[in-house]
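Student:
Residue numbers (my numbering): 18 to 108.
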């Protein structure tokens, strides 16, 4: 995907916010821990990186729930396959 730096940064901030929210509400992390986890999952990638933004192919909900419940969460926790209304409300 080709995007401007501003578009990339907006997406990065949004995904970090969503990831941190899930880690707080479903993972029991403190706000600080959740924000740190989001930074680890979504590091800044320079514009020249050929895989820049690849993590965006799935939304933050997926990556955070996967980190909490494991890759088999779709089988073990089908109630978590779709993001909650509260998560969707983050916009």
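From the three backbone atoms N, C-alpha and C, an ideal C-beta is built for every residue, glycine too.
(1) Going by the beta-carbon positions, is the gap between residue 70 and residue 62 smaller than 8 Å?
(2) Using the Cα positions of residue 89 and residue 55, report the straight-line distance between them to the nearest angstrom.
(3) State the start and end residues of the unbroken alpha helix (DSSP H) segment that holds residue 35.
(4) Would residue 58 pass as a contact of residue 36 if the rule is Cβ separation under 8 Å?
(5) Just to confirm, are residue 39 and residue 81 a CB contact at a threshold of 8 Å?
Tutor: Taking the structure as given:
(1) A contact, by the Cβ cut-off of 8 Å.
(2) When the Cα atoms are used, residue 89 and residue 55 turn out to be separated by approximately 21 Å.
(3) It spans 22-42 - the alpha helix (DSSP H) in which residue 35 sits, taken as one unbroken run.
(4) In this structure, residue 58 sits near residue 36, with a CB-CB distance shorter than 8 Å.
(5) Taking 8 Å as the Cβ cut-off, residue 39 and residue 81 qualify as a contacting pair.
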